[in-house]
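Asker: Under the working numbering, the residue at position 412 of the first sequence is numbered 535, and the numbers go up by one with no gaps.
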Amino acid sequence: MTSVAGHITNNDFPKEFGWNNCSPVALFDAPTKIKVENPLIADNITQEAQNCDALMIWTDCDREGEYIGWEVVEQAKKRNPRITLESTYRARFSHLERSHILQAARNPIRLDLKAIDAVKTRMEVDLRTGACLTRFLTNLFKGVLGGEKSSMISYGGCQFPTLGFVVDRYKRIKLFVKEPFWLISLTFKKKQKQCPVTWERGHLFDRLITTCIYQNCLRMEDSEMATILSVATKPTSNWAPLPLTTVEMQKDCGRFFKLTAKDTLAAAETLYTRGFISYPRTETDTFPKAMDLKGLVGKQMESAKWGSYAKSLVDDGRFRQPRQGKHSDEAHPPIHPIIFVGDSANLTGVQKTVYEYVVRRFLACCSPDAKGFRTTIRLQWGTEFFRTSGLVVKENGYLEVFIYSKWKSSKNNLPEVEPGERVKVQKAVISSGMTEPPKKLTETELIALMDANGIGTDATIAEHIEKIKARNYVTTLKVSEGRSKRQVIVPTELGYGLVEGFNRVGFNNISLTKPFLRRSLEEELKRICEGQATRQNVLVKSITMYKEAFALMSQQKRLLLDSYRETIAANS
DNA sequence: GCAAGGTC
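1. When you compare only the Cα positions, how much space is there between residue 590 and residue 282?
2. Can you list, in chain order, the residues of its chain with a C-beta nearer than 6 angstroms to that of residue 194? Leave out the 5 residues immediately preceding and following it.
3. Would you kindly work out how many angstroms separate the C-alpha atoms of residue 196 and residue 206, rounded to a whole number?
4. Tell me the rounded alpha-carbon separation between residue 252 and residue 466.
5. Does the Cβ of residue 322 have 16 or more other Cβ atoms within 10 Å, making it buried, or fewer, making it exposed?
6. Which residues mark the beginning and the end of the beta strand (DSSP E) in which residue 507 is found?
7. Do the region 433-443 and the region 385-402 make contact, defined as three or more Cβ pairs closer than 8 angstroms?
8. Taking the C-alpha atoms as reference points, what is the distance between residue 532 and residue 409?
9. Output needed for residue 239: all residues of its chain with C-beta closer than 7 angstroms, excluding positions within five of it in sequence on either side, in chain order.
10. Have a look at residue 575 and residue 242 and give me their C-alpha separation to the nearest angstrom.
11. Can you tell me whether DSSP reads residue 557 as helix, strand or coil?
12. Tell me the DSSP bridge mates of residue 465?
13. From this set, 580, 302, 259 and 552, which residue's C-alpha is nearest residue 407's C-alpha?
14. Distance, Cα to Cα, residue 547 vs residue 314?
15. Sorry if obvious, but does the Cβ on residue 159 come closer than 6 angstroms to a heavy atom of the ligand HEM?
16. Can you tell me which of 380, 246, 481 and 179 puts its alpha carbon nearest to the alpha carbon of residue 234?
17. Between the Cα of residue 375 and those of 442, 528, 177 and 303, spot the shortest distance and give me the residue it belongs to.
18. Expressed to the nearest angstrom, what Euclidean distance is found between the alpha-carbon atoms of residue 463 and residue 422?
19. In the DSSP assignment, find the alpha helix (DSSP H) that holds residue 160 and state where it starts and stops.
20. Taking residue 175 as the reference, which of 526, 201, 444 and 368 has the closest Cα?
21. How would you label residue 344, buried or exposed, when you count the other beta carbons within 10 angstroms and need 16 or more for buried?
22. Starting from residue 196 and walking both ways along the beta strand (DSSP E), at which residues does that stretch end?
23. Starting from the C-beta of residue 586, find all residues in its chain whose C-beta is less than 8 angstroms away, skip the five residues before and the five after it, and write them out in chain order.
24. Would you list, in sequence order, the uninterrupted alpha helix (DSSP H) runs of no fewer than 4 residues that lie entirely inside the region 285-371?
25. Look up residue 614 in the DSSP assignment and say whether it is helix, strand or coil.
26. Quick one, which of 366, 695 and 625 has its alpha-carbon nearest residue 456's?
27. Between the C-alpha atoms of residue 378 and residue 489, what's the straight-line distance to the nearest angstrom?
28. When burial is assigned at 16 or more other CB atoms within 10 Å of the CB, is residue 245 buried or exposed?
29. For a test of the three-state rule: what should DSSP assign to residue 699, helix, strand or coil?
30. Mapping DSSP to helix, strand and coil, what is residue 695?
31. With 16 as the cutoff for other CB atoms within 10 Å, does residue 86 come out buried or exposed?
32. Using the rule of at least 16 other Cβ atoms within 10 Å of the residue's Cβ for burial, across every protein chain shown, is residue 181 buried or exposed?
33. Comparing alpha-carbon positions, which option in 656, 611, 306 and 563 lies nearest residue 555?
34. Please list, in chain order, all residues of the same chain as residue 521 whose beta carbon is under 6 angstroms from its beta carbon, the five residues on each side excluded.
35. Once DSSP output is grouped into helix, strand and coil, what is the label at residue 432?
36. Using a threshold of 7 angstroms, state whether the C-beta atoms of residue 144 and residue 173 are closer than that.
Below is the structure:
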């Protein structure tokens with residue numbers, strides 16, 4: 124038994140197709156060659172395989188893992204003709220519980236050639252399109268970028284949609300037109316208790332109509348009184364969180380601790396390599412049935428901070444089997460702590476924070492929900508309906524250990540009223556307000572957008588964000604909103620100009636800065652996996668489309684440069 | 001000097 128660490132090889136163009144040796148467009152059809160990235164790892168496989176009769180692959184059971192398995196076979200074949208796809212077996216497993224591993228070992232399957240083909244396709248499309256457009260754009264912008272440094276203008280099927288999200292939010296804010304609105308604000312009174320209620324119509328964008336409705340109510344008989352229509356108290360829950368995925372961890376650590384996705388993942392990786400937490404790159408939000416979660420909770424009893432809480436889960440019967448999410452990458456379980464880590468471990472501040480978060484989140488998802496009661500009062504004044512509600516929290520449940528989230532009883536108790544009761548109207552006036560533009564984009568929101576649109580994977584989302592920062596397409600700002608400071612992402616002039624330029628070229632309605640293209644490639648790859656498409660036809664389709672886009676771009680170079688220059692001019 | 005996907 125031996126190991127690899129990620130991909131063994133990489134695809135690239137031969138020397139004749141180097142940066143200044145050919146025109147960028149030639150890269151769509153240039154030959155590519157597979158080159159060993161780490162000879163030590165590759166040679167180790169070849170050597171270890173020399174005297175074997177058979178090979179068994181235990182890489183991650185996802186698409187890339189399947190391809191890495193194939194790479195291993197290729198290395199193993201080099202000095203041993205007995206190693207073929209026929210003599211290669213494949214273990215199917217997604218976590219390291221003993222019985223699961225034994226089951227996988229006793230029931231091997233075969234490498235999935237379709238999944239391997241899908242990865243080959245992805246690699247080729249990404250390499251050809253990325254290299255071609257990057258060289259073209261870099262050359263095009265050489266003279267224009269102020270001459271400070273010869274910046275690289277890279278294009279990638281993931282980095283551009285990521286940039287697109289940033290520019291899109293920025294534009295929505297810039298182009299936002301505030302609109303005035305009007306509403307009826309009403310407060311009723313019961314035994315010295317004042318209770319503001321909300322108009323069920325929300326607000327209206329027509330002042331005259333709001334005034335008419337208001338006047339109408341005022342003119343009605345008894346307009347100083349309102350009628351309670353209903354008072355309903357219902358039990359309500361605040362659910363314990365799902366088991367932890369990479370994307371959720373990055374979003375939460377951004378929200379709660381203002382950590383970037385990159386810093387969160389880096390800290391989690393260290394914690395994983397030191398054996399403190401499980402593998403940190405996972406999309407799975409369901410724990411395998413056989414896992415001894417109670418045992419893992421028990422290990423946390425040592426802690427001075429959350430030990431007594433962990434003990435209460437195990438000893439007082441408060442432990443709950445976590446909820447089951449709907450996502451599975453078939454390769455890794457949700458992120459969870461492996462052992463308790465005390466001060467002797469010498470963790471950095473960020474690592475401590477992330478470890479504590481992983482533990483508290485794990486304990487939280489093994490905890491009961493928070494429970495309370497919500498009371499809703501509905502009342503009528505004239506022709507109009509209003510409502511208000513209040514919350515009383517009865518059991519804090521998981522929130523006792525998940526101290527980052529708040530769910531509190533309402534500050535003011537609702538007055539005691541009954542259906543049919545007539546209450547005194549303390550105040551009934553027309554208020555007005557203005558609509559507000561969307562808020563600037565936070566990294567947490569950007570991660571959520573990428574995740575929802577299938578841009579990048581759990582392992583790469585953070586890298587794409589870092590990449591567009593490093594390329595100077597976007598920059599981060601600290602903005603204060605009231606009391607809180609938020610770190611937000613905004614496009615630079617370069618980033619904004621690039622997206623605007625791409626949009627102007629048009630590409631026959633195919634947008635290179637929107638997420639649809641990546642998503643459709645992902646869908647095509649899935650079809651390859653399911654046997655409904657072949658590597659060859661997906662490749663031809665994809666490359667043909669990019670070729671057309673590239674042709675349009677070369678014809679309209681001016682548009683790209685102009686839109687950058689105009690952005691600069693508009694800001695100076 | 002390019003991509004995105006693994007990984008440490």
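By construction, the Cβ of each residue, glycine as well, lies at the ideal position given by its N, Cα and C atoms.
Answerer: Quick look at the numbers:
1. When rounded, the distance between both Cα atoms is 7 angstroms.
2. 131 and 132
3. 7 angstroms
4. 49 angstroms
5. buried
6. Secondary structure note for residue 507: its beta strand (DSSP E) is the uninterrupted segment 507-518.
7. no
8. 31 angstroms
9. 189, 190 and 193
10. 21 angstroms
11. strand
12. The partner list for residue 465 (beta bridge, DSSP) is empty, contrary to what the question assumes.
13. Measuring C-alpha to C-alpha distances from residue 407 to each of 580, 302, 259 and 552 identifies 580 as the nearest.
14. 10 angstroms
15. In the structure on display, the ligand HEM does not appear, and there are no ligands present to speak of.
16. Nearest of 380, 246, 481 and 179 to residue 234, Cα basis: 179.
17. 528
18. 6 angstroms
19. Segment: none, residue 160 is in no alpha helix (DSSP H) and carries neither H nor E.
20. 201
21. exposed
22. Not the beta strand (DSSP E): residue 196 falls in the alpha helix (DSSP H), residues 186-200.
23. Contacts found: 385 and 579.
24. 330-342
25. strand
26. For the residues 366, 695 and 625, the minimum Cα distance to residue 456 belongs to 366.
27. 22 angstroms
28. buried
29. Residue coverage of the chain in this structure runs from 124 to 695, which leaves residue 699 outside it and unanswerable.
30. In this structure, residue 695 counts as coil in the three-state DSSP scheme.
31. What the structure shows of the chain is the stretch from 124 to 695, and residue 86 is not part of that stretch, so it cannot be assessed.
32. By the 16-neighbour rule on beta-carbons within 10 angstroms, residue 181 is buried.
33. 306
34. 363, 487 and 490
35. Residue 432 falls in the helix class under three-state DSSP.
36. no
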